[in-house]
Amino acid sequence: MKGIEFIRREAFNWVLILLPFVYLLAVYDRLPTFAPIPLNWEQAVYYQVIFTMGVAVFIYIYLLVKPAVVPKTAFHENLRLYHRIRTLVLCFLSLLSVIWISTAIGIGFDWSKAGFLLAMAYIIIFGNIYPTIRFNYMIGIKNVWTLSDEFIWVKTHRFAGRLFFAVGFTGAVLGILFDPHPVPYMPVIYVGGIFSLTGIAHLYSYLLYRKHQISHS
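Residue numbers (this note's numbering): 12 to 228.
What follows is the structure, encoded as structure tokens:
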């Protein structure tokens, strides 16, 4: 029964992992012939997909094994949410790879805008997830301040949820109204933005900790 339950739970994740490769094979005749050497820009889509899905598989295996090796703690009370996060990460990386392939074969669609809106949707979704993560030592915004007090944990995750949702929603509106394609180094800006948002949440937890300590001194 456990094996069947595992297959049912993970089948969609396996589909997400295989989707870009199946798509790549289906449109292979419309792409440059793949050759590992020499490297050239015409074959960039292969490198993008292989790298992205390699990262996806690594993250998937790591997140799949993690619950089995950590001690039984409050983390296991968040398992359903944890599985959902794993699927969301795979979904994002898989769809991103599909967008790159579609761009490479010249399908007439604004794929840069689609990729940008997908990235904003990802931020919005995590904005909704953060407030639902209960106090634990394995997932969420973990630092010495949030782990020192459940009150600080809850307040920090609610703040992070509102922050991520607001930024993601604003970005989505701007992405609909304007063309994000001319912006240089957009992937770098996006990753930097995610780290910045997370950094703000960590700073908020520290300030909340200081305020909490002062009020109880």
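No residue lacks a Cβ here, since even glycine has one placed at the ideal position from N, Cα and C. Quick caveat: nothing in here was measured; it's all calculated off a predicted structure.
Of all the options the options, which has the alpha carbon lying nearest to the alpha carbon of residue i?
i, options, result
"ALA171", "THR143, GLY186 and MET149", "THR143"
"TYR93", "ILE205, TYR58, TYR215 and ARG20", "ARG20"
"GLN54", "THR44, GLY65 and VAL68", "THR44"
"HIS223", "GLU161, ARG95, THR98 and LEU106", "GLU161"
"PHE189", "GLY204, ILE225 and LYS124", "LYS124"
"ARG95", "TYR141, LYS13 and LYS153", "TYR141"
"SER159", "VAL76, LEU219, LEU90 and ILE200", "LEU219"
Is residue i buried or exposed, if buried means 16 or more other CB atoms sit within 10 Å of its CB?
i, result
"GLY126", "buried"
"GLY186", "buried"
"TRP25", "exposed"
"PRO198", "exposed"
"ILE112", "buried"
"SER207", "exposed"
"ILE110", "buried"
"ARG41", "exposed"
"ILE15", "exposed"
"VAL178", "buried"
"TYR148", "exposed"
"THR157", "buried"
"THR167", "buried"
"ALA79", "exposed"
"ILE73", "Checking the sequence shown, residue 73 turns out to be Tyr, not Ile. TYR73 comes out exposed."
"VAL56", "buried"
What is the C-beta distance between residue i and residue j, in whole angstroms, given that I count them as a contact (C-beta under 8 angstroms)?
i, j, result
"TRP164", "PHE146", "5 angstroms"
"PHE176", "ASN139", "7 angstroms"
"MET60", "ILE116", "The sequence as given places Val at residue 60; Met does not occur at that position. Wrong, their Cβ atoms sit about 12 angstroms apart, outside the cutoff."
"LEU106", "ALA67", "With 8 angstroms as the limit, LEU106 and ALA67 do not qualify as a contact, their Cβ atoms being about 11 angstroms apart."
"THR114", "PHE23", "So it is not a contact: roughly 25 angstroms between Cβ atoms."
"ILE152", "HIS213", "7 angstroms"
Report the rounded CA-to-CA distance for residue i versus residue j, giving the unit in angstroms.
i, j, result
"SER216", "ILE135", "21 angstroms"
"LEU35", "PHE120", "18 angstroms"
"SER108", "ILE28", "10 angstroms"
"GLY65", "GLY210", "27 angstroms"
"GLY182", "MET131", "6 angstroms"
"ARG221", "GLY204", "26 angstroms"
"PRO31", "ILE118", "16 angstroms"
"VAL33", "PHE180", "32 angstroms"
"PHE69", "PRO191", "30 angstroms"
"TYR133", "LYS13", "31 angstroms"
"TYR246", "THR63", "Look at the range of the chain in this structure, 12 to 228, and you will see that residue 246 is not part of it."
"LEU128", "ARG173", "18 angstroms"
"VAL184", "TRP122", "16 angstroms"
"ILE225", "ARG169", "22 angstroms"
Does chain D have any CB closer than 8 angstroms to the CB of residue i?
i, result
"ALA125", "The chain labelled as chain D is not found in the depicted structure, where only one protein chain is given."
Could I get the ranges of all uninterrupted beta strand (DSSP E) runs contained in the stretch 60-104, with 3 residues as the minimum, in chain order?
none
In the stretch 111-182, which residue ranges form an unbroken beta strand (DSSP E) of at least 3 residues, counting only runs that do not cross its ends?
none
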